[in-house]
Structure formats: structure tokens, C-alpha cells
Amino acid sequence: MTTDDDEVRVFDAAAAAELERQRDTSEMLLSVARALCEPTDLPAVSRIIADAVPTVCQADRGAVILWDETTNMFVVSAIAGWTGDTRRRLELWAGTPFPAPELRELMEIGAPVLLDESTNSWTHEIVVGFDIRALALVPITVAGRSMGFVAAHWAESDPPARLDDTVSSRFTGLAGLAGVALDNNRLAGEIEWNVQHDRVTRLPNRVAFERSLARMIEQADATGAGTVVMVCDIDRFKRLNDRMGQAAGDAVLIEAADRLRAAVRAGDVVARYGGDEFAIAFAKSNSYDEIAPAVARIQRSFSQPFAIDDHDVVLSLSIGWAALGRLETEGSPAERAQRLTAVAETDLMDTKESRRSTRGSSGSHDELTLDTDLHGAVERGEIFAVYQPQVDIASGRIVAVEALARWRHPTLGLVRPDRFIALAEENGTITQIGEHILLSACRDALTWNQLGRSIEVSVNASVVQLEKPGFATSVAAALCTLDFPAHMLTIEVTESKVVTDQSIAQAELNAISSLGAAVSIDDFGTGYSSLTQISNLPVTELKVDRSFVAKIDDGGEKLVAAIIGLSRGLDVRVIAEGVETQEQFEALARLGCDRAQGYLIAKPITSQELLSLLGDPTAVPTG
Ligand code: C2E
Ligand code: MG
Ligand code: MG
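Given below as C-alpha cells:
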């Protein structure tokens, strides 16, 4: 018989033993945790965990098995206590694909399991194959995701009959530590990666580029092989980004990065240098001639359109370069790397500058001034509209005008649209300019109307305006504010632009059309519209480009006849622009053209001048 005292003593002994085990467990796990404070890489973390298995779990051997998502395989990342033949067999096993669906399932259970040869056929295979008596597995979880296992193996000593609380908690504790250490390791790796890479293109960034370049320079010094740096940027990227949105801009950068990477050799370094600028370090190259084939490949790849949001966008690159051989040799490799890239960047700027100045303006300086001065030009009252009359050919009456923007620059005088519209499109001021011209034209037309002359107005819309959702809304607001009848307004859009950006522009144009305003395709015949594309747009007028009109006298009548025929087929109005001679006017009349606009009728004139012209309605060509 046992007395109460005996029971208390037994209980005390059991409690003391349990406490002891808990203390041992804590101490063991603590020492593993301390060891884990040091290592910096995955193999080191795995080794510490595997080494701790025999002591912590009272097993003979241990291993850390990780799931590799890229190869969809389990990989044995560290082992402890495995020797001789079985070690070799384990290493062999680790290097072969091991789909083990059972292991994947166990990973999801989340708790330690004890397996021996009787558990199922695959454990039988493992136990026999590796000369062990039993094994226990506990999943390693990182941020809620199973990453693999800590494994304990019993070969010489007796395996436990079951995983009691103590073994279980030690085992789970060890897997917990492994999870934390692996997560820290992953985070550290990510941080390291982020410091060196651009997230969008996943290319090395400026810091990493200069580091790689410095190493390349060091090697070049040692071997005599040169280095050439090329920097390039995507022309008009900012405009694309503004027009199509940042996601589209990112997609372009990613695609551009891929094309650049594909064009260079192994050993060359492609990096995102910032914004829309990329840098390439060509190893073992001495001059531009040696990188020319790669540059040609790059240019060729950029001649293919970029498919962005269902659009085919054609982009070009500006390129600058510099060769190490031409650089002064003093300074550390890092300093020389920076200098070399700076020289290439200067070359890039020179290229862009000279291209700008050959674009036909009076020089890059002026263009820069214009660019800056365009901001605020509307507020300062420098932008105004002039009007070029359009006559109805049948009646000879002025029925409409095209509003054309002019800029009275404080120092440069009158600037024509060919010099500032493209700039305004690039720097975004076109939206404000466009709205201002629209409002001016509608206001002036209301004045003419009050004076008894009902004149329609045509206003040019840039694709930059059309691409911004809200263009139609702003037109509607203008019409509403001024109480201007929509049917008196035509919006002119340039053919090629409407086509390349069709789907975005289309929605805005449809909205314009539902307001009751007309849509005219300007410069018709010079773009690339297919008939289907034109017939999909809410077009009410085709405007024959003046280059065709100019050829009328020169046997080019057939082309104009074809466009007029086309407009008849589409049931839209047709107007000819740039009509300069009586012969052209008469030919157009003969061909059935509806309206005409050009110097023959009048040059673009102010509202006042128009009024005096209108005062004499016979002021149309009579021969
Ligand atoms: P556009 O819309 O094709 O306008 C016709 C251009 O041809 C005008 O030049 C006009 O002055 C010129 N022109 C008219 N008749 C004749 C002629 O008989 N012979 C010759 N050689 N030229 C003639 P402008 O005013 O310099 O405008 C140039 C372009 O600038 C316009 O071409 C239009 O695309 C753009 N633009 C003008 N104002 C605006 C505006 O307010 N907004 C936008 N987005 N673009 C505008
Ligand atoms: Mg026009
Ligand atoms: Mg035109």
C-alpha cells in the first residue's frame, strides 16, 4: 500500500525530473540560438541546426532538408553524424530529384512525426536504404510557409517509442529557431539584393554598376584588356510615362532591359543607371569599333515596337560612350569607374544636344529657352489664336475657321506652332494651350455670331490631350460654360497619331462625338490609317493634307480624287488644306470636295481681321 507521503514523494520526483528536462531543453535551445547569431549564410545556419539535432533530440544523426521552389526538389542542406557509406548514399540522394509527395504532405502537417519502416512503403525504403531504425521529421516554417524539415535519425541507439512532450518540444523549438534564422537570412539576402538592384528591371543599379565597373577596370589594368562604357536613354520616355501611365512606363523599362541584356556578351554588365537611363560596361573592349556590333544589335532590337497595353510603341535610344584607354590613369578603380561613366554621360548629352539643334530650330539654346518659357505662357497672355477661313466650295462662302495657336514671345517675337507645339507636347503645357485656344475660339465665334455671322470653329487637339482621360470632359465643360453649341465645333486630330494610339484616343473621340461636335482627321493621307481604323472612329471630316493639294497642278489629281471618293464612301465631309492656287481650287470643285482652306482664301488672321473679311462675303476666290 502506498501512503500519501509516498505519493507526494513520487510526484515531487516526477516534477523535479520534468523541471530538469525543461531546463535542459531551454539551455540547449539557447545555445543553438546563440550559435545562430553568428552565421550569415544558409549553409552555416543549416549546419548549426543539423549539428544540434543529436544532442537536442537524443538521436544519432541529424539533417536539415529544405524545399527548393525553383527546382521543386527537396535539398539536403546540412547533415550531422552521418559517416562512411551511408553519408555517401545520403549525399547522392540529396543530389537527385526526389519528388516525395509524402514529404510534401508531412510538411503541411506542421507537427513532429516519428517514422519507421512499418509506417509506409517510402519510409521503409528510406529506413532500409540508409541503414537506420527510425527517423523523426519536424517542418520548418518561415512566415507561415513550410520551407522544409529538421530531421533526426536513430541508427545505433534505440529510437523513442513515441515522441513524448519533451522530445516534441525540443524538436519543435529547434525547427522554430531554424525558421527564424532562415527568415533573417532571407531578409538579409533581400536587403543586400535591394541595395544592389533596381526593383523594376531587376538589373544592377548605379551602385552595383560602378562597383562591377571598378572591378573590370582593375582587371583591365592587370591584363591590358580595355573597358568601354556605354550609357543610353530612351528618347521621349517622360512623355510616354505621362501619357500612358507609370505601369506602361515600367513595362517599357523591363522590356528595354531585356533587349539590352540580350544584346551583350556574357561578362558585360547591363545596369539601370537611373530614370530611363541604362549603362553597359563592355569588358575586354578597347574602342567603339569593338562594341559597334553590340550597339548595332541594340539598335536593331529597339527598332522592333514595344507592345504596351495593346499598343505598338516604337521607341529609340540615344547613346553615349567612353573608352577606358582615353581616360587619365590616376585615381582608384572606383574613382575611374565614376569618371568613365561621367564621360559617357557627357557624350550622351552632346549627342542629344546636337540632334536637337539639327531638328530645324534656330539652335538648342533657343529650344531650351522656349521649353522653359512655355510654362506660364498662357497665364502671361502670350498664347493667342488666329483663324484661317474655310470656304464651302459650292457656295463660295466662309462657313468655318481653323483656330491656330500663336505665341508672342517677349524676346523672340512671334513663334510659330511648328516650333513650340512639339515642345509643349513634350513638357505637358499642350493641355493648357489646347484648352486656351478652344476657349478663345469659342468665345470669338460667339462674338461673330452676335454680329450676325454664324461661323463654325475647328480646333486642333494634340494626341497628348486626347490620351488623357478627361479631354472630352474638359471640352464639354468649355461648351457648357460658354453656352456654345457643340455642332459648331470640330476637333481636328492628326491622322498618324490617332492611329498609333487608337484605343485610348477612340474613347475620348467617341465622347466628343456624343457631345455633338465633329471630328476631323487632319493631314489625311500622310499617316498610316487603314480604312478599318478610320471607319471605327467617329469621323465626320477628312482633311486632305496640303502635300496632296500641292501636287494637283503636277498630275497628283488622282490621289486627291481617291481621298474624296473615300470620304464619299464613308459618308464624311472632305476639306482640302493648303489651297494656294486658283487651279487647285477649281480642280477640287470639279472633284466634289466640300470645303477648302489655304492662302488662296486667306492666311491665318486675327478675329478682327476675320470680321472685316466677313463684312465682305464676296471675298472668296472668283478667279
Ligand atoms: P495644321 O492643323 O495642319 O494647320 C495647317 C497649317 O498649314 C497652319 O500652319 C497653316 O498656317 C498652314 N497653312 C494654311 N494654309 C496654307 C497654305 O496655303 N500654304 C501653306 N504652305 N501653309 C498653309 P501653322 O499655323 O503653322 O500650324 C502648324 C501646325 O501646328 C498645325 O497644322 C497644327 O497641327 C499645329 N497647331 C496649330 N495650332 C495648334 C493648337 O492650338 N493646338 C494643337 N494641338 N496644334 C496646333
Ligand atoms: Mg489642323
Ligand atoms: Mg493639317
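The opening position of the sequence shown corresponds to residue -12 in our numbering, with each subsequent residue numbered one higher.
Beta carbons are placed, not taken as given, at the ideal position from N, Cα and C, and that holds for glycine.
Being a predicted model, the structure only gives us computed values, none of them experimental.
Asked: Neighbourhood of Leu161 by C-beta, 8 Å cutoff - its chain only, sequence neighbours within 5 removed; Found: Leu16, Val19, Ile36, Ala39, Val40, Val43, Cys44, Val125, Val137
Asked: Alpha-carbon spacing of Gly350 relative to Glu412, whole angstroms; Found: For Gly350, the predicted model reports a pLDDT of 40, less than 50, meaning its position is unreliable and no value from the coordinates is stated.
Asked: Residues sharing a beta bridge with Trp141, DSSP; Found: Ala121
Asked: Distance CB(Ile127)-CB(Ala175) smaller than 8 Å; Found: no
Asked: At least 3 beta-carbon pairs within less than 8 Å: the stretch 54 to 69 vs the stretch 152 to 159; Found: no
Asked: Beta-carbon gap between Asp263 and Gly307 smaller than 8 Å; Found: no
Asked: Rounded separation between Thr487 and Val300 - CA only; Found: Note on Thr487: pLDDT 49, under 50, position unreliable in the model; the coordinate value appears next. Each residue's alpha carbon lies about 8 Å from the other.
Asked: Reduced DSSP secondary structure (H/G/I, E/B, other) of Lys618; Found: With the chain covering -12 to 610 only, the question about residue 618 has no answer from this structure.
Asked: Cut-off 7 Å between Cβ atoms - residues of its own chain near Gly602, not counting five sequence neighbours on either side; Found: none
Asked: Straight-line Cα distance separating Ala207 from Lys271; Found: 7 Å
Asked: Near ligand 2: Asp509 beta-carbon under 7 Å from a heavy atom; Found: yes
Asked: Of the listed residues Ala142, Thr159, Val526, nearest to Leu150 (C-alpha basis); Found: Thr159
Asked: Proximity below 8 Å, CB of Ala576 to CB of Ile380; Found: yes
Asked: Assigned exposure category for Thr605 - 16 Cβ within 10 Å defines buried; Found: Because the pLDDT at Thr605 is just 43, under 50, the model does not fix this residue reliably, and the point stays unresolved.
Asked: C-beta contact flag for Ala473 and Leu502 at 8 Å; Found: yes
Asked: Neighbourhood of Ala1 by C-beta distance below 7 Å, restricted to the same chain and skipping five residues each side; Found: none
Asked: Identified DSSP bridge partners for Val51; Found: Ala65, Val137
Asked: Selected residue, minimal CA-CA separation from Ala212, among Arg287, Arg74, Phe269; Found: Phe269
Asked: DSSP bridge partner residues for Pro99 (one or two, in chain order); Found: DSSP, once it has assigned bridges, lists no residue as partnering Pro99.
Asked: The stretch 221 to 238 / the stretch 290 to 299 touching (three or more Cβ pairs under 8 Å); Found: yes
Asked: Backbone CA spacing between Asp(-1) and Glu5 [nearest angstrom]; Found: 10 Å
Asked: Element boundaries [beta strand (DSSP E), containing Gly219]; Found: Correcting the residue identity first, residue 219 is Cys in this sequence and not Gly. That run of the beta strand (DSSP E) goes 214 to 221.
Asked: Asp541 - partner residues in DSSP beta bridges; Found: In the DSSP output, where bridge partners are listed per residue, Asp541 has none listed.
Asked: Pro397: CB within 7 Å of a non-hydrogen atom of ligand 1; Found: no
Asked: Contact with chain C by Ala505, beta-carbon distance below 8 Å; Found: Within the model displayed, chain C is absent; a lone protein chain is all it includes.
Asked: Beta-carbon proximity list for Ile562, same chain, < 8 Å, skipping 5 on both sides; Found: Gln377, Ser507, Glu528, Leu529, Lys530, Val531, Cys580, Asp581, Arg582, Ala583, Gln584
Asked: Three-state class that DSSP yields for Gly307 in the structure shown; Found: strand
Asked: Under 8 Å between C-beta atoms of Arg91 and Val129; Found: no
Asked: Same chain, Cβ closer than 6 Å to Leu453, five either side skipped, listed in chain order; Found: Ala492, Glu495
Asked: Simplified DSSP state of Asp488, which is helix, strand or coil; Found: With a pLDDT of only 47 at Asp488, under the threshold of 50, the placement of this residue in the model should not be trusted; the figure read from the coordinates follows. Coil, per DSSP.
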